[in-house]
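Here the structure is laid out as structure tokens; the discussion comes afterwards.
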Amino acid sequence: MSESAPGRLMVFSQRQLTLVQAAAHALVEQLYLTPEEAVEVIGRAVRDELAARQTTLEILEAGSLADRTAFVRVVVGRVTDHLKKRGQYSEDRVRRATGEFMDALHRSWAQGL
57 MSESAPGRLM VFSQRQLTLV QAAAHALVEQ LYLTPEEAVE VIGRAVRDEL
107 AARQTTLEIL EAGSLADRTA FVRVVVGRVT DHLKKRGQYS EDRVRRATGE
157 FMDALHRSWA QGL
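Below is the structure:
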């Protein structure tokens with residue numbers, strides 16, 4: 057589970073949790089975020105994009121690879137924007153971290169984790 061907003065918890069399925077943890081690893085390794093911070097940033101980006109699309113991860117998982125890829129790109133963009141706003145990281149570090157983050161998400165979708 058990840059806290060998605062004050063007083064609200066975002067509940068992940070095991071598959072979704074595996075996906076978020078794999079992506080969070082890149083943020084922890086490259087930007088030295090705590091695992092909790094990384095999951096929070098990613099969870100918020102996922103939640104916000106799901107709300108914008110008025111869908112769920114379950115529907116995305118059952119959808120086309122093109123839809124999942126588009127979703128991943130937008131989530132990565134949201135995470136990148138958040139990290140840049142913090143102003144604590146060089147552009148290069150953010151680019152490397154989000155590149156690894158995107159690769160982890162793509163691998164997860166491709167492997168059907």
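Letter by letter, the sequence shown follows residues 57 to 169 in this note's numbering.
We put the CB at the ideal spot given by N, CA and C, even for glycine.
(message) Short of 7 angstroms in beta carbon distance, which residues of its chain neighbour Y145, apart from the five on each side in sequence? Order them along the chain.
(response) The beta carbon of Y145 sits closer than 7 angstroms to those of L87, L139, all from its chain and outside the five residues before and after it, given in chain order.
(message) Measuring only the C-alpha atoms, how far is D137 from V131?
(response) Cα-Cα distance, rounded: 10 angstroms.
(message) Quick check on A61: buried or exposed, where buried means 16 or more other Cβ atoms within 10 Å of its Cβ?
(response) Any reading at A61 is ruled out, since the residue's pLDDT is 46, under 50, leaving its predicted position unreliable.
(request) With DSSP collapsed to three states, give me the class of R149. (result) The answer is helix: DSSP assigns R149 an H, G or I state.
(request) Inspect the CB distances between the segment 150 to 158 and the segment 69 to 77 and report whether three or more fall short of 8 angstroms. (result) Two segments are said to touch when three or more pairs of C-beta atoms, one from each, lie closer than 8 angstroms; by this definition the segment 150 to 158 does not touch the segment 69 to 77.
(message) Quick check on the DSSP output: the alpha helix (DSSP H) that includes L139 runs from which residue to which?
(response) Its alpha helix (DSSP H) spans residues 121 to 142.
(request) Would you mind stating whether A80 and A94 have Cβ atoms separated by less than 7 angstroms? (result) Contact annotation: A80 and A94 have beta-carbon atoms nearer than 7 angstroms.
(message) Can you tell me whether D72 is helix, strand or coil according to DSSP?
(response) Per the sequence shown, the amino acid found at residue 72 is Gln instead of Asp. Three-state DSSP puts Q72 in a helix.
(request) Rounded to whole angstroms, what's the CA-CA distance from R134 to R124? Just pull it up for me. (result) Within the model, the alpha-carbon separation for R134 versus R124 is close to 15 angstroms.
(message) Once DSSP output is grouped into helix, strand and coil, what is the label at Q110?
(response) In the displayed model, Q110 falls within coil according to three-state DSSP, outside both helix and strand.
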